[in-house]
Amino acid sequence: METHYEILQVSENASIDQIKLRFQQLILLHHPDKSDGIPDDRAHRILQAWHVLRDDKKRRQYDAELKAKQSHQVAVINAEVDLDDMDYDEATATFSLGCRCSGTYSITEDDLEDSVDVVCCDNCSLRIRVLYALAGDE
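At position 43 of the sequence shown (counting the first as 1) the number is 1144 in the numbering used here, and the numbers step up by one without a gap.
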């Protein structure tokens, strides 16, 4: 199940201004009046996520519940990959690697700065751990 942060396509440490901007962009894009008659629950999920994340008290409670839920999930890491072995796209500041299912593992520079090191394939359930050191850590 997607988190509210994933629904709004923002990081968990995004500011309220960043969340609000992304909410506005996404709700315009997925508004039911613009769906060409195709039923879509994305607008509803976007509104639900915004309702929680815009309120500081609700957001703190949601974050605590999310952390508790994530700490109980033990993800199997299928491989460890050195960042230097991944392809880099300067235009998007994204490192990527092909998965055996023909999907892609992708991690951005922002993810790396936020200490993200486990990446899911965009096509299957496999996960890799990306091995790297931040510039100041060396």
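C-beta atoms are modelled at their ideal positions from N, C-alpha and C, and glycine is treated no differently.
Since we're looking at a predicted model, the values are computed, not measured.
Alpha helix (DSSP H) segment containing residue i, residue limits
i              : result
alanine 1144   : 1143-1154
aspartate 1118 : 1117-1131
glutamate 1107 : 1105-1109
Residues bridged to residue i [DSSP beta-bridge criterion]
i              : result
glutamate 1181 : Arg1230
serine 1197    : Asp1188 and Ser1207
Proximity below 7 Å, CB of residue i to CB of residue j
i               : j              : result
isoleucine 1229 : valine 1220    : yes
valine 1231     : valine 1182    : yes
histidine 1105  : leucine 1148   : no
isoleucine 1108 : arginine 1161  : no
tyrosine 1206   : leucine 1198   : yes
alanine 1144    : histidine 1152 : no
tyrosine 1045   : leucine 1184   : The chain is shown from 1102 up to 1239; residue 1045 falls before or after that span and cannot be answered.
asparagine 1224 : glycine 1204   : yes
Residue range of the beta strand (DSSP E) that includes residue i
i              : result
aspartate 1223 : No beta strand (DSSP E) holds aspartate 1223; DSSP gives it neither H nor E.
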